[in-house]
Amino acid sequence: MAVTFGLLGGIEVWADGRPMDVGHVRQRSVLAALLVDANRSVSVDQLADRIWGERPPERFRTALYSYLSRLRAVLTAVGVEIGKEAGGYVLVAEKAAIDLHRFRELVAEARGAADEGSEALLEQALGLWRGDAFGAIDTPWFNALRDALAQERFAAELDRNDAGLRRGRHGELLAGLFTRAGERPLDERLAGQLMLALYRCGRQAEALEHYRRTRQLLVAELGIGPGRAVDQLHQRILEGDPALAEPPAGDTSLGPEAHIPVPRQLPAPPPAFTGRARELLRLSEVCDVRAEAGGETVVISAIGGIGGVGKTWLAVRWAHENTARFPDGQLYVNLRGFDPSAEPVPTAVAVRGFLDALGVAPDSIPVDLDAQTALYRSLLAGRRVLVVLDDARDAGQVRPLLPGSPSCTVLVTSRSRLTSLVTTHGALPLPLDVFGAAEARELLVRHLGAARVEAEPDAADVLLEHCAGLPLALGIVAARAATHPDLPLAALAEELREAATRLDALDTGDLTANLRAVFAASHRALSAPAAELFGLLGLAPGPDIGLPAAASLAGLDAPRTRVLLGELEAAHLVQRHAPARYRMHDLVRLYAAERGQADERGRGRDALRRLVDFYLHTAFAANSLVDGPNTPFRPELDPAAPGCVPVRLEDPAAALDWFDAEHACVLAAQRLALKQERHTPVWQLAWTLISYHWRGAHFRDHLRVWRAGLTAAERQGHPPARALAHWRLGQAASHLGQGAEALDHLGRALAVYEEAGDVPGQAHTHRTLGWVWEQQGDKEAALTHAGQALRLYEGLGNPVWQAGQLNAVGWCHAQLGRFEEARDHCERALALFRAEAGRGAEASTLDSLGYIAHRTGRHDRALGHYSEALELFQEAGNAYDEADTLAHIADAQQALGRPEEARENRLRALALFRAQRRAAQARHVQEQLDGPRLDGP
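The sequence shown begins at 43 in the numbering used here and counts up by one.
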């Protein structure tokens with residue numbers, strides 16, 4: 043008898059096509075909760091959470107057993123079993139017999155098929171839907187899953203539309219696109235599909251009108267204009283691009299050629315790893331079982347336990363032993379959920395780090411966090427990748443970082459139990475306890491050797507007793523003994539006895555008396571300079587510290603500081619996790635901070651001043667190398683504090699490497715300066731990061747540092763710094779799609795500059811206002827502000843600023859079709875750049891002139907300008923603009939009747955666009971390559 047189950051609508055069961063009565067709504071919800079995880083055990087607690095939410099009835103188990111008993115009676119009669127396993131229940135059924143799982147199978151199959159097959163598969167998948175998933179069931183778990191499935195359904199519709207449009211079925215799709223666009227007027231992908239279908243149906247005016255309405259609605263509702271893809275489609279419709287009129291012959295997606303790097307982010311494997319054989323085996327078994335079952339959910343293992351118990355070591359050890367399982371890479375992030383020196387890592391920062399590791403070009407990273415998360419999951423879809431989420435604060439910090447593909451595996455470590463992750467995502471809880479007596483002794487023997495432990499068995503027992511099986515404490519005690527081979531273990535044991543008695547009153551829960559005793563004994567064994575540095579490191583902000591920064595913190599030279607750090611490393615009080623970079627376990631840092639704060643001579647305050655000055659002065663020098671002398675509002679720094687020695691950087695590449703390594707520490711130093719009410723370094727540190735943030739599209743970090751800068755400037759009562767902060771916040775907000783906020787900040791900046799008579803400030807702000815208005819689609823307003831900026835720059839005597847703004851005004855004229863004015867301004871810009879700036883500064887202006895020449899039919903001249911620009915971009919290693927310019931060169935060559943050369947350059951551009959994950963640009967070039975050849979049959 044053929045039995046099928048329906049969840050994509052009301053909850054239904056059919057036997058040989060005839061509906062079956064499976065009971066009332068609550069009983070059907072039990073069935074649905076099992077069907078969602080068919081062939082996998084669902085615990086009683088999970089079932090209760092799914093069916094009743096946070097408030098199950100007092101005797102919910104009795105009610106649940108009654109529902110299960112009735113369901114068993116009905117389903118057993120048609121050959122379907124609900125089995126009982128340890129702690130849960132499992133419904134055994136073919137996945138293809140359950141519409142939800144069949145829908146997902148068909149969608150996954152469609153994404154790997156050619157357009158004709160893809161469209162048919164997606165139509166079949168969408169045909170499974172009978173209404174809203176799960177009918178009228180109303181519990182938090184079902185509601186959340188219903189919303190997620192609705193998004194999956196809509197995404198499948200959009201994929202179906204794309205496949206149909208590529209097959210030339212625009213006429214058949216048009217009515218449905220109109221209906222859906224009315225239901226979802228803010229969805230830009232849908233708007234683009236409707237515009238394209240209208241254009242291909244010969245209704246160009248309606249396509250342009252739909253763009254106008256969409257743009258108007260986005261600005262009114264969200265304060266932003268359409269994204270680049272829709273803007274580019276609008277421009278091509280406006281120009282009557284012949285390549286757009288007919289569907290391309292082949293697939294226009296990024297395609298399999300798009301190279302995604304294989305990330306290898308795991309930390310180094312732990313030395314002297316001992317024990318945990320059962321846990322290592324359990325982690326492997328879970329992966330094996332899911333793989334054999336062909337599971338459709340991500341394998342998540344949640345390693346829990348107290349601080350110092352070895353959660354990270356276990357996760358990293360298993361990861362290194364199992365890299366062969368994950369040929370597509372391993373991602374790692376320390377979420378710092380319990381780091382005493384900093385707030386937990388925000389989701390946006392973690393996702394951005396993963397996107398960088400996956401090779402996404404900065405300009406291709408979406409502004410919206412949900413879109414970033416979706417891109418991250420898309421890049422991992424179908425790939426065998428391990429994601430290690432270390433030191434998570436809670437399940438809320440973890441959920442946005444979970445991949446959506448069952449091909450991935452996730453390891454989470456946390457001191458929290460992460461119960462909701464177990465309940466809602468089927469995570470395997472793996473609690474980690476302290477070592478038993480045998481494992482603890484094994485670790486001690488591995489460090490000290492069997493002979494030394496056997497020679498003093500009583501003393502060894504005392505050491506083990508005071509370490510209480512905690513691997514962190516055992517490692518520190520063993521390191522102390524190993525680095526002092528002549529020290530009797532009995533002497534060390536006596537120290538621990540005395541320290542435990544003295545520190546018992548200081549037990550805070552995180553630092554127990556026994557653990558404090560271990561730290562105190564190791565601390566007393568340090569030389570006085572090393573002990574002082576230990577306390578200072580506990581006060582330093584940031585996730586780690588480099589050798590030069592540590593030297594400034596200590597007020598010592600680098601060689602001496604390296605020796606002291608080596609002493610701390612030998613005592614297992616710091617870890618050198620990268621060349622010349624050091625970090626502490628968070629419990630060690632807590633103790634170190636106590637020691638630093640207990641210094642009665644106040645040396646910590648002076649040390650932290652030196653450290654902030656180190657980051658400020660080095661970042662200032664790095665920015666100068668990256669951006670030259672032209673970053674506006676260049677501040678005059680006060681001299682660095684005595685004992686602070688900033689790093690001397692040789693060239694722009696070294697400067698960017700320094701920023702990459704120290705970025706998190708610079709941000710932490712700014713927060714420290716704000717906390718210490720050192721207002722000037724706060725906004726000056728924000729200034730030093732301008733070029734680095736802009737080059738890497740770190741717009742959220744830019745917004746964050748300038749909000750701190752604005753707070754400091756307001757507290758300080760410093761109008762120029764306040765205006766500077768508003769100006770930078772306006773730029774960052776615009777890049778993040780926050781158009782209204784951007785214009786508000788820029789208006790405030792302009793008012794301060796006008797009141798102060800600050801002409802450079804007015805010029806820079808008008809320049810930015812021009813750019814923001816262009817992003818908003820108001821090209822006339824953009825030209826007005828660009829022109830005002832140019833008039834102000836002309837009186838300032840800075841030819842590089844003036845040249846840049848001449849180019850900006852020329853570009854605005856070109857966008858408005860005023861090509862004579864555009865050419866005049868850009869040629870003046872080119873002459874100024876060549877006379878006053880170094881080689882390469884004129885590249886963007888050459889690109890502008892190429893665009894103007896191409897649009898006015900002077901294709902030979904366009905080709906010359908573009909070729910010059912290409913050479914300069916390649917010299918500078920600017921692959922991003924190189925890709926755009928290759929595409930422009932191809933357009934000019936095509937217009938000149940040189941199709942083979944055009945094709946060659948389009949292929950070069952396409953390879954770069956794909957490598958940079960620039961989907962819209964890659965799709966446009968692919969359409970040109972697949973379109974009708976213009977050189978004859």
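Ideal Cβ placement from N, Cα and C applies to all residues, glycine included.
For clarity, every value in this text was computed on a predicted model and none was experimentally measured.
Would residue i and residue j be called neighbours here (beta carbons separated by less than 7 Å)?
i           : j           : result
residue 113 : residue 73  : yes
residue 755 : residue 767 : yes
residue 232 : residue 223 : yes
residue 962 : residue 956 : no
residue 532 : residue 490 : no
residue 346 : residue 473 : yes
residue 368 : residue 427 : yes
residue 823 : residue 854 : no
residue 130 : residue 84  : yes
residue 431 : residue 422 : no
If you reduce the DSSP assignment to three classes, tell me which class residue i lands in.
i           : result
residue 47  : strand
residue 130 : strand
residue 794 : helix
residue 171 : coil
residue 491 : coil
residue 459 : coil
residue 140 : strand
residue 498 : coil
residue 123 : strand
residue 675 : coil
residue 838 : coil
residue 447 : coil
residue 854 : helix
residue 439 : helix
residue 526 : coil
residue 385 : coil
residue 536 : helix
residue 941 : helix
residue 244 : coil
For residue i, write down the residues that DSSP places opposite it in a beta bridge.
i           : result
residue 306 : 372
residue 432 : 376
residue 85  : 130
residue 343 : 453, 470
residue 54  : 48
residue 624 : 587, 618
residue 60  : 57
Take the Cβ of residue i as the centre, count every other Cβ of all protein chains shown within 10 Å, and call the residue buried at 16 or more, exposed below.
i           : result
residue 619 : exposed
residue 228 : exposed
residue 493 : exposed
residue 199 : buried
residue 777 : buried
residue 935 : buried
residue 668 : buried
residue 594 : buried
residue 278 : buried
residue 30  : The structure shown does not extend to residue 30, since the chain spans only 43 to 979, so no value can be given for it.
residue 220 : exposed
residue 323 : exposed
residue 969 : buried
residue 864 : buried
residue 193 : exposed
residue 381 : buried
residue 79  : buried
residue 104 : exposed
Counting only C-beta atoms, is residue i closer than 7 Å to chain C at any point?
i           : result
residue 889 : Of the chains in the structure shown, none is chain C; there is only one protein chain.
Can you tell me whether residue i sits near the ligand SAH, meaning its C-beta is under 6 Å from at least one heavy atom of the ligand?
i           : result
residue 759 : Absent from the structure shown: the ligand SAH. Ligands present: none.
Exercise. If you scan the stretch 590-622 from start to end, which runs of the alpha helix (DSSP H) of 4 or more residues do you find wholly inside it?
Worked result: Correct list: 600-612.
Exercise. What are the complete alpha helix (DSSP H) segments, minimum 4 residues, inside the stretch 711-790?
Worked result: With a minimum length of 4 residues, the continuous alpha helix (DSSP H) runs that stay inside the stretch 711-790 are 721-730, 732-737, 741-758, 761-777.
Exercise. Going along the chain, which unbroken runs of the alpha helix (DSSP H) with 4 or more residues stay wholly within the stretch 62-108?
Worked result: Runs of alpha helix (DSSP H) with 4 or more residues, each lying fully within the stretch 62-108, are found at 67-78, 86-94, listed in chain order.
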